[in-house]
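Number of protein chains: 2
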Amino acid sequence: MKEGFYHYLRDRVFVRSAHLAEILKMVSVKKVKKNEMLLMRGLICRNVFFVEKGLLRLYAIDESGKEHIIQFAPENWFLSERASLYFGNPSEYFIDALEDSSLVVFDQEFIERASDISVEFRNYNEYLLQNHIRHLQNRIHSLIGADAKSRYLKFIDLYPEIVQRVPQWMVASYLGITPESLSRVRRDIALFK
Amino acid sequence: MKEGFYHYLRDRVFVRSAHLAEILKMVSVKKVKKNEMLLMRGLICRNVFFVEKGLLRLYAIDESGKEHIIQFAPENWFLSERASLYFGNPSEYFIDALEDSSLVVFDQEFIERASDISVEFRNYNEYLLQNHIRHLQNRIHSLIGADAKSRYLKFIDLYPEIVQRVPQWMVASYLGITPESLSRVRRDIALFK
DNA sequence: TTGATTTCTTAACATACATCAATGCAGACG
DNA sequence: CGTCTGCATTGATGTATGTTAAGAAATCAA
Chain R
1 MKEGFYHYLR DRVFVRSAHL AEILKMVSVK KVKKNEMLLM RGLICRNVFF VEKGLLRLYA
61 IDESGKEHII QFAPENWFLS ERASLYFGNP SEYFIDALED SSLVVFDQEF IERASDISVE
121 FRNYNEYLLQ NHIRHLQNRI HSLIGADAKS RYLKFIDLYP EIVQRVPQWM VASYLGITPE
181 SLSRVRRDIA LFK
Chain V
194 MKEGFYHYLR DRVFVRSAHL AEILKMVSVK KVKKNEMLLM RGLICRNVFF VEKGLLRLYA
254 IDESGKEHII QFAPENWFLS ERASLYFGNP SEYFIDALED SSLVVFDQEF IERASDISVE
314 FRNYNEYLLQ NHIRHLQNRI HSLIGADAKS RYLKFIDLYP EIVQRVPQWM VASYLGITPE
374 SLSRVRRDIA LFK
């Protein structure tokens, strides 16, 4: 229980041993089954999920019922709907589990308290925000500047594990194209090998 | 000199009077002419720009020489290339002035020092990061889920002043379409009035 | 003012991607 | 074991957007 989070805090966030137990006491563990919903549109998101095992996704559903995947979160990733979490607005997005998953769950207040306890935690939290911005900006860059094929090549380069773990139509959804188009892109790439 | 930044810190960031002077001493003012470059690709971005007057843009140039605008920054906005500023990587992007502008300039170290002086400043800085994430995420959402027309309608709704101040081809570049397509979109919209 | 440059629009045509429909395949499950 | 369901692929066709080229309008510079 919480081993994954413990190791993460110790080895990546560099939280000092003296603070680890205190911080760990403040979070809880949640096990979810595949397809279980963790956030629905219209609700206010209160949680951040740390994925110890499994795979989550954050996505929107448009007027015509189509899903648009904003983000995947495999092991050792944090996932939340920050616009709702931080600003307290009802979420426009959904979160669910793509695999049976084991999560560590905490809220915004935890982040503030842990930041007061551990300066390393505070710094890492800022690192996460900055890193998130960097990724979103790069993604915008390829959405406005690159075609479907190069976006797909970039995706498999960046997230090879995820390609193996989710159906292709979800990758297509993340890339902003249809499953049929992605299938054709993949055929084109295969031809050149 | 620095009046705009002073009022912003006092009225929006809520920095206490006791801290204002000390913080203001640490920043400098820069006046730039239209078209002046503030960041080039390949350089490490050291600055954040606060726009007191004028208009900046952050953009990329692709292999074929086309510009892709990532962000505009009119009065009272902060602009920087955070991926480069925070992580110290060479920037993939450019920043220049679209109008004669008056800027307040500071660096990452300033942010840390001002955060130590004023907790209000620290909180506002986090607010800016969270807000930035929210905007980028919404933009990704419309890039993968909406067509050119609705992206344009959203843009003029969100940034009506900017539409008045930049050439339309730059709006097109921001939206990820060609100027010709934007022209057609605008004609379609006009027909329905 | 005048000429030069940039911007916007329009049209004809090209292309990337979407849509619709059918098929095949594989894992889930009775 | 067979049936069902979800997923991937393919082809035919439609549509949104890109490309190229030209001219009109606006802006800028001298």
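Sequence order for the protein chains is R and V.
When we follow this note's numbering, the leftmost residue of the first sequence carries the number 1, and every step to the right adds one.
When we follow this note's numbering, the leftmost residue of the second sequence carries the number 194, and every step to the right adds one.
In this text, a Cβ means the ideal position worked out from N, Cα and C, and glycines have one as well.
In this text, all values refer to a predicted model and were calculated from it rather than measured experimentally.
Rounded distance between the beta-carbons of residue j and residue i, thought under 8 Å
i	j	result
A146(R)	I177(R)	12 Å between Cβ atoms; not a contact.
G54(R)	E99(R)	5 Å
E260(V)	S374(V)	Wrong, their Cβ atoms sit about 16 Å apart, outside the cutoff.
E313(V)	V208(V)	5 Å
S294(V)	L249(V)	6 Å
L236(V)	S284(V)	6 Å
Y286(V)	Y252(V)	6 Å
R239(V)	D300(V)	5 Å
H325(V)	I133(R)	6 Å
L143(R)	L336(V)	4 Å
Three-way DSSP call (helix, strand, coil) for residue i in this model
i	result
D289(V)	strand
L368(V)	helix
L202(V)	helix
K259(V)	coil
M230(V)	strand
S57(R)	The question names Ser, yet the displayed sequence has Arg at residue 57(R). Three-state result, R57(R): strand.
K224(V)	strand
P267(V)	coil
S80(R)	coil
S101(R)	strand
F243(V)	strand
P353(V)	helix
F106(R)	strand
Listed by chain order, chain V residues near residue i by CB distance under 8 Å
i	result
R82(R)	Q323, I326, R327 and Q330
Distance cut-off 7 Å: residue i Cβ against heavy atoms of the ligand GTP
i	result
N282(V)	With respect to small molecules bound, the structure shown includes none, and the ligand GTP cannot be examined in it.
Within chain R, partners of residue i - CB distance below 7 Å
i	result
D255(V)	G145
Proximal chain V residues relative to residue i, where beta-carbon distance stays under 7 Å
i	result
Y86(R)	Q323
H68(R)	H334, I337 and G338
Interface residues of chain V facing residue i [CB-CB closer than 9 Å]
i	result
G176(R)	I333, L336, I337 and G338
Distance between residue j and residue i (C-alpha atoms, nearest Å)
i	j	result
D188(R)	I140(R)	24 Å
Y8(R)	E75(R)	11 Å
Y199(V)	L272(V)	17 Å
D116(R)	A266(V)	33 Å
I95(R)	G88(R)	16 Å
K31(R)	K223(V)	54 Å
Y152(R)	S210(V)	52 Å
A97(R)	E52(R)	13 Å
K195(V)	Q264(V)	23 Å
R186(R)	Q137(R)	25 Å
V364(V)	A307(V)	35 Å
L39(R)	E81(R)	9 Å
Q361(V)	P353(V)	13 Å
I111(R)	A21(R)	15 Å
L191(R)	D62(R)	34 Å
L129(R)	S376(V)	37 Å
L103(R)	P179(R)	30 Å
D157(R)	R203(V)	46 Å
I69(R)	R12(R)	27 Å
E36(R)	W270(V)	40 Å
E319(V)	V163(R)	33 Å
Y124(R)	K347(V)	34 Å
E302(V)	S277(V)	14 Å
M219(V)	G4(R)	42 Å
V298(V)	F243(V)	6 Å
S343(V)	H19(R)	49 Å
K227(V)	R315(V)	32 Å
R234(V)	H135(R)	18 Å
field: Residues within the segment 126-156 of chain R neighbouring chain V, beta-carbon criterion of under 7 Å
entry: L129, Q130, H132, I133, R134, L136, Q137, R139, I140, H141, L143, I144 and G145
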